[in-house]
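Notes follow once the structure below has been shown.
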């Protein structure tokens, strides 16, 4: 009958018949029954689903792992810094940090004892206080080693817990501390590449690739550390550069520090002597003044300079440290490193010319290699004629070691300007310099560059740099020794001894610069602490090691003089063995 | 005429709804399953990546030049050569030593069986003492070729098998 139809109220109302409450209830009963049946069915299906369908592939441990993985938002790990071969200089690892929830700690006394045994640097009494406090979260120790973590887990204390935290790791330790830099505990870059590339690194994308080669870095540091130790020096700076493209292959500043713990190092150790420290380089600057003479005056090798008497100009006297006291030819001035001769050269070049030449070489402005620790050179202002004379032999002008090696690379390389490069990175200053190196900006003529190579080779074969020679690699170079400025003018007992080596000289490929700060003479150097005795042997050792590592072809040396310098020797008058010179 | 209580279309739509509901449920289950597999794989990937990071760092730490140098000094009886011992190229190698006599095949010698001590004593003086060329252990190039061919065949059959 229509009026009993459970599905149509319409019918019921249309029929107009009154139904008793009982009938209405009876009519609704199937709905209720169906509803409950359906509900039970759903529950049954869900149980079946959870136990049979999903039970197979979700085991409890995995489910909890999933839960934690979902709840914990993965922090972006700071990107690597790598060397040119992809060797890690800095990386970030997740480490466990230990904290405690004092409310859950069952027995604070025994737990404090156990923790004090695991972490000897933590005080047991402090720990006990921490574990008895009313807070729900106290740090115990951060960045644990896996071993420490295992031992804490063995305590089996429910109130101790770990939180995963990123930690910056420097696998090379001290080796590239000044260039790579360091971060604070929260991973913000505070120095070096870590600081200047902070944004790139913290985005966590591609690693920042440097031009450094960790192996060369090691050779350089090893030899510098030996020189610093042997000559009881206070520090040093060293660089290895690819002459052809300005890539910095190694850069070391001593003393250095552990980038994991920069806080314990003193300021002197953290000071970057490569790009931040400015120094008077002394006779190494004769490379630049001699090149200027050849470039502007097309000087001949037979040109003579009177070095018999100290040079007096405008109240200043310029004298030679180890005076020849005779008239010197141009190659002799260079190989015996005569200050008088170089000053006369500068005078002949002229003040304007020399100043502009130095500026073109990049000696007046700090180069941008992508590191913010960058020292501005100290250039005389105003530049008077006397400054031209002193700057010819490297006094009265202070520049960074990086500027020296780049300027020297410019002169002995192809003669086009070399911009130092530290970072292979499309977005950064590095690429800017890479592009600039590709664009030729000629500073000296190829003939001048060739003459300078001959002169540098002469210094090593017959002059002050003989300690840097490595048979077969055609090393050329220039010594430099500069007195440091003390409270009363130049201090004769505190000096910077340096050597700039280039090899192979017939077509220069690599330049090596080592500057040693305040060396003291020892027995092996007969008491001398000049560039030729302190830095030259170190440069020679670096060249020997890197030549073999990089497979630089060995040039067989025949009897007689090196063919590069043969044409110069007729202008050289050798009387005695020169042991010391500036 | 008595109207049907439930229209056919209603039944059909109800059953369709139930069927699609069931299907939906099954699909949602499968999605759920796939998601959990995905997140498990992602978790695994994360752990692998972390392990790679750690191993990479450890590798470069263990390959620190100072450590390698120290280990080489300790365990290898080798040192960096002087530059005068390095040759510029292959052409600078000295001529290899060429023996004056062409190599000869040693004559066939019968094996002497030793039966008794006395026989051994008698045999001793006649035993070969020394020959200018020691008998080769493998009979020259042909045996090398055979070995090489065998190896090739081996490899070939492996390749086909795999």
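Residue numbers (this note's numbering), protein chains in the order written: chain A, 1 to 582; chain B, 1001 to 1162. The beta-carbon is built from N, C-alpha and C at its ideal position, and this holds for glycine as well. Small disclaimer: the values here were computed from a predicted structure and weren't measured.
- Bounds of the alpha helix (DSSP H) holding residue 353 (chain A) are 351–360.
- With fewer than 16 other Cβ atoms inside 10 Å of its own Cβ, residue 382 (chain A) counts as exposed.
- Residue 1073 (chain B) has a beta carbon lying at 7 Å or more from every beta carbon in chain A.
- Residue burial is scored here from C-beta neighbours: residue 478 (chain A) has at least 16 other C-beta atoms within 10 angstroms and is therefore classed as buried.
- In the structure shown, the three-state DSSP call for residue 383 (chain A) is coil.
- One alpha carbon belongs to residue 225 (chain A), the other to residue 81 (chain A), and they sit about 24 Å apart.
- Beyond the five residues adjoining it in sequence on each side, residue 480 (chain A) comes within less than 6 Å, by CB distance, of 281, 282, 283, 284, 498 and 531 in the same chain, given in chain order.
- The shortest CA-to-CA distance from residue 548 (chain A) to any of B:1079, B:1096 and B:1091 is the one to B:1079.
- Along the length of the segment 438–490 of chain A, whole beta strand (DSSP E) runs at least 3 residues long occupy 476–486, reported in chain order.
- Contact annotation: in the segment 94–120 of chain A, residues whose CB is within less than 8 Å of a CB in chain B are 94.
- Residue B:1028 holds the alpha-carbon nearest to the alpha-carbon of residue 46 (chain A) among B:1042, B:1028, B:1005 and B:1149.
- Taking 8 Å as the upper bound for CB-CB distance, residue 279 (chain A) and residue 342 (chain A) are not in contact here, some 18 Å apart.
- For the pair residue 228 (chain A) and residue 254 (chain A), the CB atoms are nearer than the 7 Å cut-off.
- Contact between residue 400 (chain A) and residue 443 (chain A) does not hold, since their C-beta atoms are separated by about 19 Å, which reaches or exceeds 8 Å.
- Contact between residue 143 (chain A) and residue 167 (chain A) holds, since their C-beta atoms are separated by about 5 Å, short of 8 Å.
- Inter-residue distance for residue 365 (chain A) and residue 170 (chain A) is about 32 Å (C-alpha atoms, whole angstroms).
- For residue 316 (chain A), the three-state secondary structure derived from DSSP is strand.
- Ranked by Cα distance from residue 377 (chain A), the first of A:314, A:437 and A:367 is A:367.
- Residue contact check for residue 1054 (chain B) against chain A: a CB pair falls below 7 Å.
- Residue burial is scored here from C-beta neighbours: residue 495 (chain A) has at least 16 other C-beta atoms within 10 angstroms and is therefore classed as buried.
- Between the C-alpha atoms of residue 332 (chain A) and residue 573 (chain A) there is a straight-line separation of about 8 Å.
- Residue 352 (chain A) counts as exposed, since fewer than 16 other beta carbons sit within 10 angstroms of its beta carbon.
- Excluding its 5 nearest sequence neighbours in each direction, residue 385 (chain A) has C-beta neighbours in its own chain below 6 Å: 351, listed in chain order.
- Residue 423 (chain A) is positioned such that its CB atom lies closer than 7 Å to that of residue 210 (chain A).
- One Cα belongs to residue 1091 (chain B), the other to residue 555 (chain A), and the distance between them is close to 14 Å.
- Contact annotation for residue 539 (chain A) against chain B: no contact, minimum CB-CB distance about 15 Å [criterion: below 8 Å].
- Taking 7 Å as the cut-off, the Cβ atoms of residue 246 (chain A) and residue 437 (chain A) count as close.
- By the rule that beta-carbons nearer than 7 Å mark a contact, residue 1034 (chain B) does not touch chain A.
- Counting C-beta atoms within 10 angstroms of its own C-beta, residue 1020 (chain B) has fewer than 16 neighbours from the protein chains shown and is therefore classed as exposed.
- If only uninterrupted alpha helix (DSSP H) runs of at least 4 residues are considered, those enclosed by the segment 129–164 of chain A are 146–155.
- The segment 501–515 of chain A and the segment 1010–1020 of chain B do not touch, with fewer than 3 CB-CB distances between them shorter than 8 Å.
- The beta carbon of residue 187 (chain A) is closer than 8 Å to those of 78, 92, 166, 168 and 202 in its chain, skipping five residues each way along the sequence.
- Contact check for residue 448 (chain A) against residue 295 (chain A) passes: the beta carbons are separated by less than 7 Å.
- For residue 1086 (chain B), the neighbours in chain A by C-beta distance under 8 Å run, in chain order, 472, 548 and 554.
- Residue-level contact by beta carbon holds for residue 1065 (chain B) and chain A, with a gap shorter than 7 Å.
- Fully enclosed alpha helix (DSSP H) runs of no fewer than 4 residues occupy 1065–1075 of the segment 1058–1094 of chain B, in order along the chain.
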